[in-house]
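Chains as they are written, first to last, in this note's numbering: chain A, 4 to 217; chain B, 4 to 217.
There are 2 protein chains.
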Amino acid sequence: KKEFVVIGLGRFGASVAQTLVDYGHNVLALDIDATRVQHLSTTLPHVAQLDATNMDALLQAGVDSFETGVVCIGTDFESGLLACVLLQRLGVKRIVAKARTRTQRDILLRIGVEEVILPEHEAGVRLGRRLEAGNLVDYLEVSDDIGVVEMVAPPALVNHTLAESDMRQRFGLTAMAVRRNDELFVSPSASFRILEGDILVVMGRLEDAERIGE
Amino acid sequence: KKEFVVIGLGRFGASVAQTLVDYGHNVLALDIDATRVQHLSTTLPHVAQLDATNMDALLQAGVDSFETGVVCIGTDFESGLLACVLLQRLGVKRIVAKARTRTQRDILLRIGVEEVILPEHEAGVRLGRRLEAGNLVDYLEVSDDIGVVEMVAPPALVNHTLAESDMRQRFGLTAMAVRRNDELFVSPSASFRILEGDILVVMGRLEDAERIGE
Ligand SMILES: Nc1ncnc2c1ncn2[C@@H]1O[C@H](COP(=O)(O)OP(=O)(O)OP(=O)(O)O)[C@@H](O)[C@H]1O
Ligand SMILES: Nc1ncnc2c1ncn2[C@@H]1O[C@H](COP(=O)(O)OP(=O)(O)OP(=O)(O)O)[C@@H](O)[C@H]1O
């Protein structure tokens with residue numbers, strides 16, 4: 004298992020820390036706010052109160068021994084920036100940070116932060132994409148215009164086999180799997196018959212997956 | 004193309020509206036803050052200033068003619084809740100909203116909002132999941148424990164064919180596609196040779212995809 008230090012335990016930081024803890028990793032979770040630390044101490048094994056812009060405090064907490072640091076301080080950009088710089092000085096190899104604006108992101112990337120997340124923007128784009136294609140359940144971009152599309156089987160395909168749907172020839176889509184209630188059929192054969200309510204997992208262009216639904 | 008009304012144009016709401024506009028849909032974007040409306044009028048075709056808790060204002064803006072509404076008011080939960088209730092009264096069939104906490108989400112779901120997004124939490128879990136599996140690029144959950152994993156080809160598989168990698172027998176993973184720089188090879192044959200830097204798109208359990216990397 005790996006080790007991570009997570010600084011700033013707002014909604015974003017706390018859910019990063021909790022997800023890593025749930026996977027069994029060692030996570031040192033830090034925040035300047037004693038009440039928040041107190042509140043999270045029931046679900047996070049190692050959580051401590053400190054000011055991440057204070058080098059001595061970081062050293063005392065042993066932050067220098069971590070390979071990956073996640074800085075999730077949003078509202079006070081200067082503190083977040085300073086915390087990233089101090090982690091770098093302590094030798095933390097990989098730093099991921101959150102920001103509130105694209106400009107803040109650019110600055111963090113320029114000082115050497117490996118990856119910067121804009122949580123609200125990312126979630127907004129994902130929702131916009133899901134609303135765009137009505138029957139779309141979820142989407143994973145694999146290359147510029149091709150992705151894995153999880154979609155509700157459109158009425159036109161219900162009660163037909165995959166061969167009869169002619170997905171690849173007519174729409175350029177490759178069926179990867181079909182989910183029916185709690186069962187998942189991976190790499191279904193051409194004779195697999197699609198039923199109402201099936202969720203199709205296909206690879207291809209989002210626009211083509213949408214076209215099938217129309 | 005479809006029509007959407009988006010209320011509340013913070014980072015989340017503005018990116019939902021922009022994503023839908025980029026796909027060519029008709030979006031009416033509304034916010035109480037005149038400065039924000041002014042600022043966004045350069046990128047959103049239909050944006051107007053109004054208080055979404057005011058029924059007359061919503062009627063005048065023609066909100067009752069929309070099928071889908073997205074309410075993105077976070078800090079002032081009471082306003083967000085009220086806006087959802089008014090959209091329902093106006094006959095908007097499908098309402099999606101954002102919230103800041105799980106309790107707020109529960110309340111919105113109970114009054115009939117179809118889907119509630121917690122942007123920071125969603126982005127935090129996605130980052131935690133990506134950090135969990137080092138060589139993981141992205142992940143799309145398809146069923147409880149199975150998903151589509153985009154991963155950097157682990158050293159153990161480099162210069163071997165897919166057949167030699169024996170992914171399915173040894174790890175229960177099905178190779179869907181391989182991305183090599185800007186090229187995507189969908190449903191690669193068993194004799195496809197994996198090179199350094201290739202990104203593998205496989206279907207299976209996240210833990211098994213991680214096991215390959217170790
Ligand atoms: N210098 C610092 N050292 C450590 N923690 C800090 C420091 N400054 C702020 N924090 C903590 O960072 C956390 C996140 O701060 P932020 O301003 O982004 O709040 P937030 O909006 O609640 O975050 P989120 O959007 O993730 O919920 C807060 O819990 C805050 O106490
Ligand atoms: N009654 C209302 N009618 C219309 N818009 C409103 C109303 N109340 C608040 N808003 C707008 O909703 C938007 C989002 O509000 P929120 O309090 O969630 O801010 P935010 O934190 O900037 O959002 P985000 O996290 O998406 O950036 C703001 O632009 C605000 O002006």
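Positions of the beta carbon are idealized from the N, C-alpha and C atoms, including for glycine.
Per-residue DSSP class, three states only, for residue i
{"i": "G72 (chain B)", "result": "strand"}
{"i": "D141 (chain B)", "result": "strand"}
{"i": "D34 (chain B)", "result": "strand"}
{"i": "A126 (chain B)", "result": "helix"}
{"i": "V19 (chain A)", "result": "helix"}
{"i": "I110 (chain B)", "result": "helix"}
{"i": "R3 (chain A)", "result": "There is no way to answer for residue 3 (chain A), as the model of chain A reaches only from 4 to 217."}
{"i": "E153 (chain B)", "result": "strand"}
{"i": "I215 (chain B)", "result": "helix"}
{"i": "E199 (chain A)", "result": "coil"}
{"i": "H42 (chain A)", "result": "helix"}
{"i": "E135 (chain A)", "result": "helix"}
{"i": "V24 (chain B)", "result": "helix"}
Residue i beta carbon near ligand 2 (any heavy atom closer than 8 Å)
{"i": "K101 (chain B)", "result": "yes"}
{"i": "G150 (chain A)", "result": "no"}
{"i": "A178 (chain B)", "result": "no"}
{"i": "R1 (chain B)", "result": "Examination of residue 1 (chain B) is not possible in this model, given that chain B is present from 4 through 217 alone."}
{"i": "F69 (chain B)", "result": "no"}
{"i": "A55 (chain B)", "result": "yes"}
{"i": "R108 (chain B)", "result": "no"}
{"i": "I35 (chain B)", "result": "yes"}
{"i": "F15 (chain B)", "result": "yes"}
{"i": "E123 (chain A)", "result": "yes"}
{"i": "S82 (chain B)", "result": "yes"}
{"i": "C75 (chain B)", "result": "yes"}
Nearest residue (CA-CA) to residue i, options the options
{"i": "R214 (chain B)", "options": "B:S194, B:S190, B:L139 and B:H163", "result": "B:L139"}
{"i": "D211 (chain B)", "options": "B:D201, B:R108, B:V151 and B:A86", "result": "B:V151"}
{"i": "A221 (chain B)", "options": "B:D59, B:F69, B:K4 and B:M58", "result": "Summary: the structure shown does not reach residue 221 (chain B), with chain B confined to residues 4 through 217, and so no result is reported for it."}
{"i": "R105 (chain A)", "options": "A:R129, A:R97, A:V95 and A:G77", "result": "A:G77"}
{"i": "F174 (chain B)", "options": "B:L187, B:G207 and B:S44", "result": "B:G207"}
{"i": "N57 (chain A)", "options": "A:C87, A:G72 and A:R171", "result": "A:C87"}
{"i": "K5 (chain B)", "options": "B:A17, B:G16 and B:Y26", "result": "B:Y26"}
{"i": "F7 (chain A)", "options": "A:M170, A:L209, A:I149 and A:D67", "result": "A:D67"}
{"i": "L121 (chain B)", "options": "B:F80, B:N184 and B:D59", "result": "B:F80"}
{"i": "A55 (chain B)", "options": "B:S192, B:G72, B:T71 and B:I35", "result": "B:I35"}
{"i": "S133 (chain A)", "options": "A:T45, A:T71 and A:L209", "result": "Reading the sequence as shown, one finds Arg at residue 133 (chain A) and not Ser. Nearest C-alpha to R133 (chain A): A:L209."}
{"i": "D185 (chain A)", "options": "A:I149, A:G72, A:I110 and A:G200", "result": "A:G200"}
{"i": "L1 (chain B)", "options": "B:D59, B:D147, B:F188 and B:V181", "result": "An answer regarding residue 1 (chain B) cannot be provided, because it is not within the stretch 4 to 217 covered by chain B."}
{"i": "G72 (chain A)", "options": "A:V9, A:T45, A:Q21 and A:Q107", "result": "A:V9"}
Proximity test, residue i beta-carbon vs ligand 1 heavy atom, cut-off 8 Å
{"i": "T78 (chain A)", "result": "yes"}
{"i": "I10 (chain A)", "result": "yes"}
{"i": "G127 (chain B)", "result": "yes"}
{"i": "A86 (chain A)", "result": "yes"}
Pair within 9 Å by beta-carbon distance, residue i and residue j
{"i": "R14 (chain A)", "j": "E123 (chain B)", "result": "yes"}
{"i": "V74 (chain A)", "j": "G115 (chain A)", "result": "no"}
{"i": "V99 (chain B)", "j": "V119 (chain B)", "result": "yes"}
{"i": "S194 (chain A)", "j": "A159 (chain A)", "result": "no"}
{"i": "V30 (chain A)", "j": "L53 (chain A)", "result": "no"}
{"i": "V204 (chain B)", "j": "V128 (chain A)", "result": "no"}
{"i": "K101 (chain B)", "j": "G83 (chain B)", "result": "yes"}
{"i": "Y142 (chain A)", "j": "E153 (chain A)", "result": "yes"}
{"i": "L62 (chain B)", "j": "L93 (chain B)", "result": "yes"}
{"i": "V155 (chain B)", "j": "I202 (chain B)", "result": "yes"}
{"i": "G216 (chain A)", "j": "L23 (chain B)", "result": "no"}
{"i": "T177 (chain A)", "j": "S190 (chain B)", "result": "yes"}
{"i": "H28 (chain B)", "j": "E135 (chain A)", "result": "yes"}
{"i": "A17 (chain B)", "j": "L43 (chain B)", "result": "yes"}
{"i": "M179 (chain A)", "j": "M179 (chain B)", "result": "yes"}
{"i": "L198 (chain B)", "j": "R182 (chain B)", "result": "no"}
{"i": "L187 (chain A)", "j": "I110 (chain B)", "result": "no"}
Checklist entry - Where are the alpha helix (DSSP H) runs, 4 residues long or more, that stay fully inside the region 53–101 of chain B, in chain order? => result 58–63 and 80–92
Next on the checklist: Extract the residue ranges of the alpha helix (DSSP H) inside the region 167–195 of chain B, only unbroken runs of 4 or more that lie entirely within it.
Outcome noted: 170–174
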